[in-house]
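Numbering (the working numbering), first residue to last: 187 to 325.
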Amino acid sequence: LARLPHRPPFLFVDEICGRGENSIHTAVTFAPDWPVFAGHYPGRPIVPGAILCEAIFQSGALLIGELAVAVADAQSPPALPVVARIFAAKFKREVLPSNRLDIEITLMERLASAWLMKGGGRVAGKMAVQVEFSCALKA
Numbered sequence: 187l188a189r190l191p192h193r194p195p196f197l198f199v200d201e202i203c204g205r206g207e208n209s210i211h212t213a214v215t216f217a218p219d220w221p222v223f224a225g226h227y228p229g230r231p232i233v234p235g236a237i238l239c240e241a242i243f244q245s246g247a248l249l250i251g252e253l254a255v256a257v258a259d260a261q262s263p264p265a266l267p268v269v270a271r272i273f274a275a276k277f278k279r280e281v282l283p284s285n286r287l288d289i290e291i292t293l294m295e296r297l298a299s300a301w302l303m304k305g306g307g308r309v310a311g312k313m314a315v316q317v318e319f320s321c322a323l324k325a
């Protein structure tokens, strides 16, 4: 997780579970005492969809960090991965306090400085969120 520029309280990746040639599997568990749940929604807490997307984006940033390290210039400072575009987002089921979200990210294509990715998050094996997006590296 050291390659990820995010830190608490805005870090939404707990662990890297696996890595393929152009993919990464991560996970995050949302603690039931997370202050956001007090307002989203009182009496029926749900992880906000924007946070689910952010967890996917952070996982994508980890994949970029892993892939880019092979081509990085050792003398230059590390580039910052930023979301450039969200093509599509689908929310299929609620993610609740204490749920573990297993995230799979796949690099679909790299065009110059754009990294086109798709990601999905599952809870107990069931798809909760899917996002297609692109990232860029900002020096």
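Don't be surprised by glycine CBs; every beta carbon is placed ideally from N, CA and C.
Here the C-alpha atom of Ser-284 lies approximately 10 Å from the C-alpha atom of Trp-220. Nearest to Glu-280 by alpha-carbon distance, out of Gly-246, Gly-307, Trp-301, Ser-299, is Gly-307. For Ala-241, the CB contacts under 7 Å within the same chain, skipping 5 residues up- and downstream, are Phe-198, Val-199, Val-214, Leu-287, Ile-289, Gly-307 in chain order.
Rounded to whole angstroms, Lys-324 and Val-309 show a C-alpha spacing of 32 Å. Per DSSP, reduced to three states, the secondary structure at Pro-267 is strand. DSSP places Ala-241 in the helix class (H, G or I) of the three-state scheme. Looking at the backbone, the Cα of Ala-270 and that of Ser-320 are separated by about 5 Å. The beta carbon of Asn-208 sits closer than 7 Å to the beta carbons of Thr-292, Leu-293 from its chain, once the five residues preceding and following it are set aside; these are given in chain order.
Its Cα nearest to that of Gly-251, the residue Ile-210 stands out among Leu-297, Lys-278, Ile-210, Pro-231. The shortest CA-to-CA distance from Leu-187 to any of Ala-247, Pro-195, Lys-312 is the one to Ala-247.
When secondary structure is reduced to three states using DSSP, Val-222 falls in the helix class.
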